[in-house]
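For reference, the structure is listed below as structure tokens.
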Amino acid sequence: MKENYRIETKCVQGAYEPKNGEPRVLPIYQSTTYKYDTSEAMAKLFDLEPGYMYTRLANPTNDMVAAKITMLEGGVAGVLTSSGQAANFFSLINILGAGDHFISAATIYGGTFNLFNVTMRKLGIEVTFVDPNASEEEICAQFRPNTKAVFGETIANPSLDVLDIEKFAKIAHSHGVPLIIDNTFPTPINCRPFEFGADIVTHSTTKYMEGHANIIGGAVIDSGNFDWEQNDKFPGLTQPDESYHGAVYTRDFGKAGYITKIVAQLLRDYGSTPAPQNSYYLNLGLETLALRMERHCSNALKVAEYLQNNEKVAWVNYPALPDNKYYPLVQKYMPKGTCGVISFGVKGGRKKAEEFMNSLKLAAIVTHVADARTCVLHPASSTHRQLSDTELVECGVSPDLIRLSVGIENVEDIIADIEQALDAAFSS
Ligand SMILES: *Cc1c(COP(=O)(O)O)cnc(C)c1O
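Per this note's numbering, the sequence shown starts with residue 152, numbered consecutively.
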């Protein structure tokens, strides 16, 4: 595909290019196995030569969709995983092991916070959470000799803090480690972190990418820009892998080394592989991603403005509002739009928040975000329930925070629903 096609065109037609007489639409390769004429031909695959042997490692449908997301992000290699959780875990465990340490912005998704703070600690990997708005000096002071990566979310779920990607990239690079960015909320339509120095991008494709609340999925994409050989921090990439007869990922696979290692070791051993059918759905979602993001963002801006002018609402946080503290960062990193998610609090705190939510008719209470249908959630009693009060504050989640994920319905209907629910909550 021509490199200079614009991103909307890549969403629709990127990656899969049928040859003469082949299916126009990306086929689902619903096969665990691949046939070879000789066992010698098969043996080569076990030495990591290109080709398919078993779908736990690779499948043509999955690969094609990974290639499309890689194209959208402007990366060199990418891989799909069975969930966003697996993507974030793999992005780190691919380069860290017991005894290593990494730094993460504290304002991240609750599931990721638990993964880092509880499960990865059990594996012997230490994390230090930092306030994303702390000064460079304060963040640099957290580095240790065994620090191997820096992690953050472009727009944090659900606090909606916007990360200063260039600041974090500079800090990471001055310590010889990569910056990993979870770009789930803006998607590459609105922000491409590689253009600002990020090295690895992850996604929960469950959200806007698939966009219809049909599948769970994830992706890890490599920019190809990080030099893993600049120091001795990444032996897993620069030293022989005994489980593949001494293959050296950076030497043998060049810019695809980091992603090849995820496939060859992590998908092989952990098996967090997406079903090809799910990748097919993901691809359908990607085809309309640019259109949907535009609508999510324009709807959300109107809803945020409505909430801001409603006297029953205590506060509104939507980074695209001009008086938001992140507005300057939004102008720099995502001038086309942010995402469809708004957080706000109603006067009367948690109790009124619950009455408001129970009164909604169009917007549903669901544990989901970032799909076509407008939905709401109270993170403190759901996604972030396992977190202590101090951890909640660290993550940027106040007890009265309502997360509103604005869908692509007619915005007048969404606003009318919010209005009737606010009236109902405050008439009791
Ligand atoms: C939902 C989400 C995840 C986890 O993704 P799953 O697909 O649910 O495993 C990770 N990061 C962010 C920002 C998310 O919103």
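Even glycine gets a Cβ: it sits at the ideal position worked out from N, Cα and C. The structure presented is a predicted model; accordingly, all values stated were derived computationally and were not measured.
Contact between LEU330 and ALA349 holds: their C-beta atoms lie close to 5 Å from each other, under 8 Å. If you draw a straight line from the Cα of THR206 to the Cα of SER423, it comes to about 11 Å.
In this structure, ASN239 has its CB closer than 7 Å to one or more heavy atoms of ligand 1. In this chain, ASP551 is not harboured by any beta strand (DSSP E), its DSSP state being neither H nor E. Contact annotation: VAL371 and SER242 have beta-carbon atoms nearer than 8 Å. In the three-state reduction of the DSSP assignment, LEU543 falls in the helix class. Nearest Cα to TYR260 within the set LEU274, THR305 and ALA218: THR305. Taken atom to atom, the span from the alpha-carbon of VAL454 to that of ILE246 is near 42 Å.
Relative to ligand 1, the beta carbon of THR263 is positioned inside 7 Å of a heavy atom.
Note: THR298 is bridge-paired with HIS252 in the DSSP secondary-structure output.
Cβ-Cβ separation between ILE559 and ARG443: approximately 6 Å, consistent with a contact (criterion under 8 Å).
Separation of the CB atoms of GLY496 and SER549 is rounded to 7 Å, and the pair is thereby assigned contact status at 8 Å.
A contact is defined here as three or more CB-CB pairs under 8 Å, and the region 494-510 fails this definition with respect to the region 221-239. Three or more Cβ pairs drawn from the region 474-486 and the region 336-353 lie within less than 8 Å of each other, which places the two stretches in contact.
Within the model, the alpha-carbon separation for ASN434 versus GLN181 is close to 15 Å. Just measuring C-alpha positions, the residue of ARG295, ASN284, GLY547 and LEU418 sitting nearest GLU317 is ASN284.
DSSP, reduced to helix, strand and coil, places VAL176 outside both helices and strands of the structure shown, so it counts as coil.
At least one heavy atom of ligand 1 sits closer than 7 Å to the Cβ of VAL520.
In its chain, beyond the 5 residues on either side, HIS447, ASN450, ALA451, VAL454, GLY491, VAL492, ILE493, THR525 and ILE565 have a beta carbon closer than 8 Å to the beta carbon of VAL557. Taking the CA atoms as reference points, ILE290 sits about 12 Å from PHE253. The distance from the Cβ of GLN236 to that of LEU208 is about 20 Å, inconsistent with a contact at the 8 Å cut-off. By the neighbour-count criterion, in which 16 or more other beta carbons inside 10 Å mark a residue as buried, HIS529 falls on the buried side. For VAL527 and ALA575, the gap between their C-alpha atoms comes out near 16 Å. ASN460 counts as exposed, since fewer than 16 other C-beta atoms from the protein chains shown sit within 10 angstroms of its C-beta. The beta-carbon distance between VAL517 and ARG554, rounded to whole angstroms, is 11 Å. This is too long to meet the 8 Å contact definition.
For the alpha helix (DSSP H) assignment, the uninterrupted runs of no fewer than 4 residues enclosed by the region 201-264 are, from N- to C-terminal side, 211-224 and 235-244.
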